[in-house]
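One structure is given here, and the rest of the page talks about it.
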Amino acid sequence: MAEIIRLTTPLTDKVIEKLKIGDQVLITGTLYTARDAAHKRLVDLLNSGKELPFDIRGQIIYYVGPAPARPGYVTGPAGPTTSGRMDPYAPRLMEAGMKGMIGKGKRSKDVVDAMKKHKCVYFAAIGGAAALIARSIKKVDVIAYEDLGTEAVRKMEVEDFQVIVVNDIYGNDLYEEGMKKYRRSP
Amino acid sequence: MRNIHIKEITEAVKNLCMEANYNLPEDVLHAFDRGLETEESPVGKAVLNALKKNAEIAWHEKIPICQDTGFSVFFVDVGQDVHIEGGSLSDAINEGVRQGYKEGYLRKSICDAFTRKNTGDNTPAVINYDIVPGDKIKIICAPKGGGSSNMSRVTMLKPADGIEGIKNYVIQRVLESGSNPCPPVVVGVGIGGTLEKAAQIATKALLRPIGSTNPDTVLKEIEEDLLKKINDLGMGPEGFGGRFYAMAVHIEKFPCHIASLPVAVNISCHASRHKEIVL
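Protein sequences, first through last, are from chains A and B. Here the working numbering is used: the first sequence runs in plain steps of one and ends on residue 1405. Here the working numbering is used: the second sequence runs in plain steps of one and ends on residue 291.
Have a look at this one:
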């Protein structure tokens, strides 16, 4: 297995060009969180020519709605949600400069094509490993849409946040390739 | 006739909600260990080890296994010789959910279907009642996450489709689900009954302990065949490729109308959360 790659945000094209499907990556820096409702608002802002609540250029969006934090904790458990629901919005955010997405599950063809075009990479975090993932989240601030509760946009400072590259900018897909490798014909 | 006060029910439900979300069931942990023995993919193995570590943290720190603490689904067997006192049984269960999700730092994930406005306390719960002989109440709490629920389906096959048709449908459903339901999964299948009956027994099938044998020998064979075929697809843990996508396939069957063959598939995520109490 390939060695573990360490990345810091924001991501540059040079870094993204090197990433290949199956690469295990540890991210340190900033992640912005958004789910369905926040995506709709972000894209509405862009489409009406307004500024986003944060500078998205070079940044990674993490698809997550954390559980409430117990007293003394920075965050509650915070694992990835299904990315496919964000597919209608993702290309527009890539156009605005987004360079990475973290979630789980397959992306649509439109999203994969947009990733090639705008040089954006899709990572998966381990779905369901929310308590473990929370340990790599060091600071959390709600920066927009507080009314959305768990779906608000948060700025997360992370250290060695563990992900795997699912779609690189060359059109490859880990879900498809991984399955081919281990498939047994009946 | 035995009296049970609603206060006792609310308290029990509150604790069930928290415990079901903090503690990965024993049968799942054993399944992970079996999976680690058979998994060929290094990434698959790493995922299983991460999920074990995750369960250990959750148990130790009393925090949820997953941020999606689910729709609060209950199966309640009410003994016909029980008298509920102090108020409504359903209200008592919902109050337990309200308290459990607040005090337990669990995520509130229930919203209006149109406005998407959160109800704020994870109610209303989905409660399946059964009236049974005896003077006890058994409550099973099975929080169901959105990612795996979205992969579930009910269909009406033609009787001519038979067992092969059922198998093909289940495999196709699992293939389309891929990594979305957070594998390794349990695949619950309900065959027969009506639309709602098939869905209900598919959900109930998920509660059977992993590794247990179906007493119906025909269903047992179908379960084994499906489990092999599903894992031979090569999707593996989290869908990254590997041998151990499904921990188990559990089937329940009910007689159906001469014109129909309903089939429901309900997929459970790796946590397969459920916890029960008898009052």
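All C-beta atoms, glycine included, are put in the ideal place defined by N, C-alpha and C. Since we're looking at a predicted model, the values are computed, not measured.
Neighbour-count burial assignment, residue i, 16 or more Cβ in a 10 Å radius
i, result
"B:Lys240", "exposed"
"A:Ile1275", "buried"
"B:Ser121", "buried"
"B:Phe126", "exposed"
"A:Lys1323", "buried"
"B:Leu141", "Checking the displayed sequence, the identity of residue 141 of chain B turns out to be Tyr instead of Leu. Looking at its Cβ environment, which holds fewer than 16 other Cβ atoms inside 10 Å, B:Tyr141 is exposed."
"B:Arg128", "exposed"
"B:Ala172", "exposed"
"B:Leu13", "One point to set straight first is that residue 13 of chain B is Met, not Leu, in the sequence displayed. Counting Cβ neighbours within 10 Å, B:Met13 comes out exposed, since fewer than 16 surround it."
"B:Glu236", "exposed"
"A:Pro1290", "exposed"
"B:His72", "exposed"
"A:Asp1263", "exposed"
"B:Val230", "exposed"
"B:Ala214", "buried"
"B:Glu38", "exposed"
"A:Pro1285", "buried"
"B:Ala271", "exposed"
"B:Glu176", "exposed"
Backbone CA spacing between residue i and residue j [nearest angstrom]
i, j, result
"B:Val186", "B:Ile234", "15 Å"
"B:Val182", "B:Gly157", "20 Å"
"B:Glu31", "B:Pro221", "17 Å"
"B:Phe86", "B:Cys29", "10 Å"
"A:Thr1231", "A:Gly1319", "10 Å"
"B:Gly174", "B:His269", "14 Å"
"B:Ile203", "B:Ala258", "19 Å"
"B:Arg267", "B:Val166", "Correcting the residue identity first, residue 267 of chain B is Pro in this sequence and not Arg. Each residue's Cα considered, the two are about 16 Å apart."
"A:Thr1227", "B:Val88", "50 Å"
"A:Gln1278", "B:Gly47", "36 Å"
"B:Ile289", "B:Thr22", "12 Å"
"B:Leu169", "B:Ser189", "20 Å"
"A:Ile1223", "A:Leu1351", "18 Å"
"A:Ala1309", "B:Lys265", "42 Å"
"B:Leu238", "A:Gly1248", "44 Å"
"A:Leu1422", "B:Thr206", "It is not possible to answer for residue 1422 of chain A, since the shown part of chain A is limited to 1220 through 1405."
"A:Arg1402", "B:Lys148", "49 Å"
"A:Ser1355", "A:Asp1379", "6 Å"
"B:Glu51", "B:Lys57", "6 Å"
"B:Ser100", "B:Asp124", "24 Å"
"A:Val1234", "B:Ser102", "55 Å"
"B:Ala211", "B:Phe83", "16 Å"
"B:Asp133", "A:Val1283", "19 Å"
"B:Phe44", "A:Leu1265", "45 Å"
"B:Pro227", "B:Ile139", "27 Å"
"B:Asn27", "B:Gly108", "8 Å"
Whole-Å CB distance - residue i paired with residue j, under 8 Å assumed
i, j, result
"B:Phe256", "B:Gly246", "So it is not a contact: roughly 11 Å between Cβ atoms."
"A:Lys1325", "A:Gly1303", "6 Å"
"A:Pro1296", "B:Ile75", "6 Å"
"B:Leu294", "B:Glu20", "Nothing in the structure corresponds to residue 294 of chain B, since chain B is present only between 13 and 291."
"A:Pro1287", "B:Tyr34", "About 14 Å; that fails the 8 Å criterion."
"A:Leu1250", "A:Val1377", "6 Å"
"A:Met1313", "A:Ala1333", "5 Å"
"A:Ala1349", "A:Gly1298", "3 Å"
Beta-carbon proximity list for residue i, same chain, < 8 Å, skipping 5 on both sides
i, result
"A:Tyr1389", "Lys1239 and Lys1335"
"B:Gly159", "Asp80, Asn192, Pro193, Cys194 and Cys281"
"B:Leu218", "Ala154, Val198, Gly200, His262, Asn278, Ser280, Ser284 and His286"
"B:Gln92", "Ile143, Val144, Pro145 and Gly146"
"B:Asn106", "Thr135, Pro136 and Ala137"
"B:Glu208", "none"
"A:Glu1236", "Lys1338 and Ile1388"
"A:Val1340", "Leu1230, Ile1235, Leu1238, Lys1318, Gly1319, Met1320, Met1334, Val1384, Asn1386, Asp1387 and Ile1388"
Contact test: residue i Cβ vs the ligand GDP heavy atom, cutoff 7 Å
i, result
"A:Pro1229", "For the structure depicted, the ligand GDP is absent and the ligand set is empty, with no information on it obtainable."
Nonlocal neighbours in the same chain, by C-beta distance under 7 Å from residue i, ignoring five residues either side
i, result
"B:Ala67", "Leu36, Leu41 and Ile77"
"B:Ile96", "Ile16 and Ile18"
"A:Glu1396", "Ile1240"
Contacts around residue i, its chain only, beta-carbon distance under 6 Å, and the 5 residues preceding and following it disregarded
i, result
"B:Ser53", "Gly248, Gly253 and Gly254"
"A:Asp1414", "A query on residue 1414 of chain A cannot be resolved here, the shown segment of chain A reaching from 1220 to 1405 and no further."
"A:Ala1363", "Pro1272 and Val1372"
So if I threshold CB-CB distances at 9 Å, which residues from the stretch 244 to 255 of chain B count as touching chain A? Legend: CB atoms of the stretch 244 to 255 of chain B lying less than 9 Å from CB atoms of chain A belong to residues Asp244, Leu245, Gly246, Met247, Gly248, Pro249, Glu250, Gly251, Phe252, Gly253, Gly254 and Arg255.
- prompt: Can you list, in chain order, the residues of the stretch 118 to 142 of chain B whose Cβ is nearer than 7 Å to any Cβ on chain A?
  reply: The residues in question are Leu118, Arg119, Arg128 and Asn130.
Please identify, using Cβ separations under 9 Å, the residues of the stretch 73 to 91 of chain B that lie next to chain A, in order along the chain. Only those residues of the stretch 73 to 91 of chain B whose C-beta falls short of 9 Å from the nearest C-beta of chain A are listed: Glu73, Lys74, Ile75, Pro76, Ile77, Cys78, Gln79, Asp80 and Thr81.
Members of the stretch 1310 to 1335 of chain A that neighbour chain B once the beta carbon cut-off is set at 8 Å: Correct list: Lys1323, Gly1324 and Lys1325.
Problem set entry | Near-chain A residues of the stretch 271 to 284 of chain B (beta-carbon distance less than 8 Å), N- to C-terminal order | Of all residues in the stretch 271 to 284 of chain B, only Cys281, His282 and Ala283 come within less than 8 Å of chain A when Cβ atoms are compared, listed by chain position.
task = With 7 Å as the C-beta to C-beta threshold (strictly closer), list the residues of the stretch 181 to 208 of chain B near chain A in chain order.
result = Among the residues of the stretch 181 to 208 of chain B, those with a Cβ less than 7 Å away from any Cβ of chain A are Gly190, Ser191, Asn192 and Cys194, in the order of the chain.
- Task: Select from the stretch 1271 to 1284 of chain A all residues with a C-beta closer than 8 Å to any C-beta belonging to chain B, and list them in chain order.
- Result: Cβ contacts with chain B come from Val1283 and Gly1284.
Proximal residues, the stretch 56 to 72 of chain B versus chain A, C-beta separation under 7 Å: Listed by position, the residues of the stretch 56 to 72 of chain B near chain A (Cβ gap below 7 Å) are Val59, Ala62, Leu63, Lys65, Asn66, Ile69 and Ala70.
- Item | Short-range partners of chain A found in the stretch 17 to 31 of chain B, where Cβ spacing is below 9 Å | Answer in chain order: no residues at all.
Original post:
Using Cβ-Cβ distances below 9 Å, what residues of the stretch 39 to 52 of chain B are close to chain A?
Top reply: In summary, the residues of the stretch 39 to 52 of chain B whose CB is separated from some CB of chain A by less than 9 Å are Glu52, in the order they occur in the chain.
Which residues, in chain order, does the stretch 160 to 173 of chain B contribute to contact with chain A at a C-beta distance below 8 Å? Residues Asn162.
Residues in the stretch 1221 to 1251 of chain A having any Cβ partner in chain B nearer than 8 Å
Residues Gly1241 and Gln1243.
*asked:* Under 9 Å, CB to CB, which of the residues in the stretch 1339 to 1351 of chain A have a partner in chain B?
replied: Residues passing the 9 Å Cβ filter: Ala1343, Ile1345, Gly1346, Gly1347, Ala1348, Ala1349, Ala1350 and Leu1351.
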